[in-house]
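Structure record follows, encoded as structure tokens.
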Amino acid sequence: MSAEPPPAEPTDETLLRQMAGGDEAALLELHRRYVRLLTALGYRMLRQREDVDACVQDAFFNAWRHAGRFDPSRARAKTWLVSIAHHRFLQHLRDRPDAGLELGDWDAPTPAPDHEGRLLAGRALGVLDPAQRELIELAYYRGHSHSELAALTGLPLGTVKSRLRSALERMRGVLHPAEGEDTP
1 MSAEPPPAEP TDETLLRQMA GGDEAALLEL HRRYVRLLTA LGYRMLRQRE
51 DVDACVQDAF FNAWRHAGRF DPSRARAKTW LVSIAHHRFL QHLRDRPDAG
101 LELGDWDAPT PAPDHEGRLL AGRALGVLDP AQRELIELAY YRGHSHSELA
151 ALTGLPLGTV KSRLRSALER MRGVLHPAEG EDTP
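Sequential numbering from 1 applies to the sequence shown in full-length UniProt numbering.
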């Protein structure tokens, strides 16, 4: 007599379909699977526990409300959830009032790059395709790690790293065109 194997856990996509049908247990399971990831991403962006917790809960609520819109041909369920949370974090940053900050709350200002530097940076970003530009902006302007970029985009970690490296090489070619060329 052999024991039957335990039933396989439902996929994230199955859970989203169940959520679309009103299954609260499916929502709880997705929450169990992804609350840590979404919270970690939230801390990277917001840095305040209360804000992060509220935004993560809002993200799950939005996923619950819009589960019927999930299209597995366009993204993986994990990517879809991370995207909802990311947009919620960005919205929170946009809505955050700056008026209540004391002067002492600010770090020393970072000097603005000179006009020529901004033009060069813009030109370098301009040579990238939209996917590369998005990765560069998320990594270097938003401070996301390679692992977070993989979660946000649904790409394998190795692909994220190679695309970033390729994008940086293209930008380097614009910023330092003489590198790699033989000079007489």
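Note that CB positions come from ideal geometry on N, CA and C, so glycine has one too.
Check                                                                                                                                                            : Outcome
Taking the C-alpha atoms as reference points, what is the distance between H96 and W80?                                                                          : One detail in the question is off: residue 96 reads as Arg in this sequence, not His. When rounded, the distance between both Cα atoms is 24 Å.
So what's T183 in DSSP terms, helix, strand or just coil?                                                                                                        : Here the model assigns T183 a pLDDT of 43, short of 50, so the residue's position is not dependable, and the following value carries that caveat. Three-state DSSP puts T183 in coil, outside helix and strand.
Mapping DSSP to helix, strand and coil, what is L15?                                                                                                             : helix
Quick one: Cα of R33 to Cα of V160, how far?                                                                                                                     : 23 Å
Mind checking which residues open and close the alpha helix (DSSP H) that includes R133?                                                                         : P130 to I136
If we ignore side chains and look at the alpha-carbon of each, how far apart do V174 and L120 end up?                                                            : 8 Å
State buried or exposed for V42, treating a residue as buried only when at least 16 other CB atoms are found within 10 Å of its CB.                              : As written in the sequence, residue 42 is Gly, which differs from the Val given in the question. Classification for G42: buried.
Tell me the rounded alpha-carbon separation between A75 and A124.                                                                                                : 29 Å
Going by the beta-carbon positions, is the gap between L149 and A139 smaller than 8 Å?                                                                           : yes
In chain order, what residues of the same chain have a beta carbon less than 8 Å from the beta carbon of M19, not counting five sequence neighbours either side? : A26, L27, L30, A63, W64 and A67
Tell me the residue span of the alpha helix (DSSP H) that contains Q91.                                                                                          : A77 to D95
CB L16 to CB F70, shorter than 8 Å?                                                                                                                              : yes
Taking 8 Å as the cut-off, decide whether the C-beta atoms of S147 and L157 are in contact.                                                                      : yes
Between which residues of its own chain and A85 is the CB-CB distance below 8 Å, once the five residues before and five after are set aside?                     : L38, L41, G42, C55, V56 and A59
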